[in-house]
Amino acid sequence: MAIKHQTPMLDELEKGPWPSFVTDIKKMAEAGKEACADLLGQLELSYKDKEGHWKHGGIVGVLGYGGGVIGRYSDVPELFPGVEHFHTLRVNQPASKFYKTERLREILDIWNRRGSGMLNLHGSTGDMVLLGAFTEELEPIFGEMTSKGWDLGGSGSALRTPSCCVGKARCEWACIDTQDLCYTITQEFQDELHRPAWPYKFKFKISGCPNDCVASIARSDCSIIGTWRDDIRINAEAVAAYAGGELAANGGAHGQETKLDIQADVVDLCPTGCMAWDGKTLTINNAECTRCMHCINMMPQALRPGTDTGATILVGAKAPILEGAQLGSVIVPFMKLEEGQYGDLMDFAEKAIDWWDENGKNRERIGELIQRLGLSEFLKAVEIDPDPRHIREPRSNPYIFYKEDEVPGGFQRDIADYREKHAR
Amino acid sequence: MQDRITDIGPPKYDEMWPDVIKDNYGKWLYHDILEPGVLLHVSETGTKLYTVRIPGTRLMTTDQAEEYCKIADEFCDGYFRFTTRNNIEFMVTDESKLEALKKALADKGNMPLGGTGAGVTNIVHTQGWVHCHTPAIDASGVVKAVMDDLFEYWGSHKLPAQVRISLACCLNMCGAVHCSDIAILGVHRKPPVIEHSHLDKMCEIPTTIAACPTAAIKPSKEEVDGEVYKSVTVNADRCMFCGNCYTMCPAMPLADADGDGIALWVGGKVSNTRSMPKFSKLAVPFIPNEPPRWPTTVKIIRQIVEAYAADANRYERVGEWAERIGWERFFEKTGLEFSHHHIDDYRFAATTWRNSTQFKW
Ligand code: HEM
Ligand code: HEM
Ligand code: SF4
Ligand code: SF4
Ligand code: SF4
Ligand code: SF4
């Protein structure tokens, strides 16, 4: 088919060694997909204008769900009728994004027939994002999808699709079953995921160890990060092999030829100074270790996390809007999370979300609410005792808001009693 | 309608696993990066699993996804996976298959191996002009231009440590880019332009006012062509160009060809390795939008990466390097200009000022 729109600026993005989304979409446009041709046309116009050309969403969706679909319309539909409606569907990805091709093709096939043929693998939340459907196609797409065993993810003031790292499926450091947790939480909260009823969005993200490959500490309201309480496991033979230059440093991350200087690269960079190396034996004072992962990353064949594993739970991370960015704060220093035994976690999540749902203002993330009402108030709500692990340092201002019941005799006093002892 | 299926959730994860993953779940002993883009995982069962990593463009067609499926069918028993950073991973257990797989990928031309270890892996990013309504910049095009330029670091391990780059196309930061070694952020610089004649019809005025985090919006009556409309005004001095009002009210667009562009941030990290996770800090407040290839942005990012590569200690992330040498040295070594905009004046600003006589000349 002839090229529908000239795209001289986008054509520049076909050059260079990195795979080109333009080349990809162009091929599908040339094969006759109108939405692809018109998307490129409209994008070219945006490149010329240096302004986007999408209209604010409008409410579209599938029956009975309050989310999972983001409405979008072109503001130049007469030029690009193929993208006049360009709604997206968020399709809940399988935890940690392994695919059986046969199953992935179910989605690709539906999307090819009923949608634009363009998608994000994956959106930043984790969902597969099907980009560009007409309103009348939404319900049929949903019907076909669910009949094949797929469902929509979350959007709006709801639970957002949980996501997790590759975990035990293919990583030796996973201290918890990230996929199973992710799947269980997703199933447990189906109603909250599909029917927005909260002050704002809420995200769970699960990483198997403190390397935090899904960046949960930076972007999830409830960040679950695997950790351990006992000793780092040491394989003395492998330590000797690292010392002897037989094994590459940092799991080969700096090339197989880069070897390890155990003193300089491991012991001296340990942030707590809890390691020692005498040229033969590596020792770790585990009581002082903060489980930063540095030494383990450096010597993956010699060191492994301990076996008394569980998770640290941090709450309240979010991007800057509105009150400025926040990282997650430690709330539960350690929670056991053996496969299938997630009662403690569900109890905790329920208490935390109830408190937020009750006290949060419209469009207030839980992290902002904690800032507004205080970390202590939140700890009380989830029934956790204060602990130095909750803070980086104790307060340095003297403005403690004592409650009346904390002070003997309370706040009610008689001025006459005072005046008896003190002249006016 | 009766038989309508709802609330089934995603397919269970293990329906998507090849036998080798099922059999070795939780049994992995260690990994080793054999070469850029090729990982070896060894299990306590003795199984060796080779993973080959190539970049995905995130935005792709079903045809492109089908290409990946075909490779997975041919070499990996019909299984593959995506990483959080939009990379694609093919897994094989047999060394001879590994070589055949590598060759097949090389023949494709757009599937270069890399994204492992001390290099630059794929850029996590948001929608940009391809789908969203509030972006200040495009996403996919900027990513393409930056990765073309940094391509030598995709397939090599020659940086001091991994460099994670992220992009978000407005202050909402959907991708939560605020903890990246280098963050590319789309920013608006002009307050919303208000369509008084339509605002009351298109928007709910109280929610629009409430949407503004700095309370810059006030109700007002405005006259247009002799007619008086209920509308709002924006106190320009209080506006931080966040676009929250536009999300609530389409009669207040922010996008502007001259006003919009890119800010660059550096030195964030999310891992707990050595130092604690940290936010990215402002490096360059504004670079104009330069489609299609954003040359100034590309050049400055390279400048930062090269200064880091030349000066950081091995294993040191960008933020750890900047903190060790001091931010005064960071600006000197990267050749970036320091301006008023680098000094925080939002909430908690004072916590970022220097309260010490310790600094370097
Ligand atoms: C006031 C704040 C925010 C507003 C108004 C907002 C608005 C939006 C809109 C309109 C989209 C749809 C983009 C499209 O496909 O057209 C979107 C997508 C998304 N948002 Fe936000 N957002 C906000 C904050 C955030 C934050 C703080 C995060 C993460 C921490 C986030 C994560 C996402 C993700 C992951 C997507 C999916 C799209 C993608 O993968 O690029 N958003 N947001
Ligand atoms: C020194 C710090 C880090 C080390 C040693 C490290 C190590 C690793 C390793 C070994 C893997 C491969 C796991 C596997 O597939 O077998 C991995 C995956 C990954 N890492 Fe990290 N990581 C570090 C920090 C980070 C950070 C800070 C981020 C994000 C900002 C990150 C993002 C990722 C992502 C997205 C993946 C793919 C995980 C997935 O597929 O779900 N990593 N990392
Ligand atoms: S977070 Fe830890 S367990 Fe999960 S993939 Fe990354 S390194 Fe492995
Ligand atoms: S994990 Fe970190 S703190 Fe613990 S011993 Fe290793 S380097 Fe030191
Ligand atoms: S970062 Fe902003 S412009 Fe980009 S997708 Fe998110 S809301 Fe839209
Ligand atoms: S752009 Fe943000 S700060 Fe400016 S008026 Fe709108 S909501 Fe308020």
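Just so you know, the sequences run in chain order D and U.
Heads up: take any position in the first sequence, counting from 1, add 1181, and you land on my numbering.
Heads up: take any position in the second sequence, counting from 1, add 49, and you land on my numbering.
Quick reminder that beta carbons are idealized off the backbone N, C-alpha and C, glycines included.
For the beta strand (DSSP E) holding residue i, just list the boundary residues, first then last.
i: ILE1288 of chain D; result: No beta strand (DSSP E) contains ILE1288 of chain D, which is instead part of the alpha helix (DSSP H) from 1282 to 1295.
i: GLY316 of chain U; result: Note, GLY316 of chain U: premise wrong, no beta strand (DSSP E); not H, not E.
i: TYR99 of chain U; result: 97 to 104
i: THR183 of chain U; result: It is not in any beta strand (DSSP E) - THR183 of chain U carries neither H nor E in the DSSP assignment.
i: CYS1403 of chain D; result: 1403 to 1409
i: ALA1457 of chain D; result: 1456 to 1458
i: LEU199 of chain U; result: LEU199 of chain U -> no beta strand (DSSP E), and no H or E assigned at all.
i: MET109 of chain U; result: 108 to 110
i: THR282 of chain U; result: 276 to 283
Rounding to the nearest angstrom, what Cα-Cα distance links residue i and residue j in this structure?
i: LEU1311 of chain D; j: CYS1345 of chain D; result: 20 Å
i: LEU1428 of chain D; j: GLN1437 of chain D; result: 8 Å
i: ILE350 of chain U; j: CYS118 of chain U; result: 34 Å
i: ARG1600 of chain D; j: ARG1594 of chain D; result: 11 Å
i: ALA1483 of chain D; j: LEU1302 of chain D; result: 36 Å
i: GLY1249 of chain D; j: ASN1467 of chain D; result: 46 Å
i: LEU385 of chain U; j: ALA356 of chain U; result: 11 Å
i: TYR1423 of chain D; j: ASN1431 of chain D; result: 10 Å
i: TYR1280 of chain D; j: MET251 of chain U; result: 43 Å
i: GLN1274 of chain D; j: ARG1376 of chain D; result: 18 Å
i: GLU148 of chain U; j: HIS180 of chain U; result: 39 Å
i: LYS1315 of chain D; j: VAL1511 of chain D; result: Correcting the residue identity first, residue 1315 of chain D is Phe in this sequence and not Lys. When rounded, the distance between both Cα atoms is 44 Å.
i: VAL101 of chain U; j: THR401 of chain U; result: 43 Å
i: LYS1236 of chain D; j: PRO184 of chain U; result: 12 Å
i: LYS1532 of chain D; j: LEU1374 of chain D; result: 17 Å
i: ARG53 of chain U; j: HIS1266 of chain D; result: 25 Å
i: ILE1357 of chain D; j: CYS1390 of chain D; result: 8 Å
i: GLU1317 of chain D; j: PHE1323 of chain D; result: 11 Å
i: TYR1411 of chain D; j: TRP410 of chain U; result: The question names Tyr, yet the displayed sequence has Asp at residue 1411 of chain D. Cα-Cα distance, rounded: 46 Å.
i: ASN1476 of chain D; j: ASN362 of chain U; result: Correcting the residue type first, residue 1476 of chain D is Cys in the shown sequence and not Asn. Roughly 16 Å between the two C-alpha positions.
i: THR346 of chain U; j: SER1227 of chain D; result: 18 Å
Comparing C-alpha positions only, which one of the options sits nearest to residue i?
i: LYS1461 of chain D; options: D:GLN1444, D:GLY1337, D:GLY1238 and D:ARG1472; result: D:GLN1444
i: ALA217 of chain U; options: U:THR175, U:VAL273 and U:ARG378; result: U:THR175
i: GLY164 of chain U; options: U:GLY204, U:ILE353, U:PHE129 and U:ALA398; result: U:GLY204
i: ALA153 of chain U; options: U:PHE131, U:GLU116 and U:ARG134; result: U:GLU116
i: SER388 of chain U; options: U:VAL333, U:TRP178, U:SER189 and U:ASN404; result: U:VAL333
i: LYS1278 of chain D; options: U:ALA188, U:VAL87 and U:TRP66; result: U:TRP66
i: GLY1334 of chain D; options: U:PRO59, U:TYR395 and U:TRP376; result: U:PRO59
Does any residue of chain D have a CB that is nearer than 8 Å to the CB of residue i?
i: LEU108 of chain U; result: yes
i: ASN338 of chain U; result: yes
i: LYS193 of chain U; result: yes
i: LYS97 of chain U; result: no
i: ARG373 of chain U; result: no
i: ILE243 of chain U; result: no
8 Å is my cut-off, CB to CB: does residue i come that close to chain U?
i: ILE1240 of chain D; result: no
i: SER1336 of chain D; result: no
i: MET1516 of chain D; result: no
i: MET1209 of chain D; result: yes
i: HIS1303 of chain D; result: yes
i: TYR1364 of chain D; result: yes
i: ARG1286 of chain D; result: yes
i: CYS1630 of chain D; result: This structure does not reach residue 1630 of chain D, given that chain D is present from 1182 up to 1605, and the question cannot be answered.
i: ARG1351 of chain D; result: yes
Which stretch, first to last residue, makes up the alpha helix (DSSP H) that contains residue i?
i: HIS90 of chain U; result: Segment 87 to 92 is the beta strand (DSSP E) holding HIS90 of chain U; no alpha helix (DSSP H) there.
i: GLY1225 of chain D; result: In the sequence on display, residue 1225 of chain D carries Glu and not Gly. Its alpha helix (DSSP H) spans residues 1215 to 1230.
i: TRP1536 of chain D; result: 1524 to 1540
i: LEU1554 of chain D; result: 1547 to 1554
i: PHE1323 of chain D; result: 1316 to 1328
i: LYS157 of chain U; result: 144 to 157
i: ALA359 of chain U; result: 344 to 360
i: LYS1208 of chain D; result: 1202 to 1211
i: VAL367 of chain U; result: 367 to 374
i: MET251 of chain U; result: 245 to 251
i: THR133 of chain U; result: Element bounds for THR133 of chain U: n/a, residue is neither H nor E.
Inset, instruction - Name all residues in chain order for which at least one heavy atom of ligand 5 lies closer than 6 Å to the residue's CB. - result: U:THR175, U:GLN176, U:CYS181, U:THR183, U:PRO184, U:ALA217, U:CYS218, U:CYS219, U:ASN221, U:MET222 and U:CYS223
Inset, instruction - Kindly provide the chain-ordered list of residues whose Cβ lies closer than 5 Å to any non-hydrogen atom of ligand 3. - result: D:CYS1346, D:VAL1347, D:CYS1352, D:TRP1354, D:ALA1355, D:SER1388, D:GLY1389, D:CYS1390, D:ASN1392 and D:CYS1394
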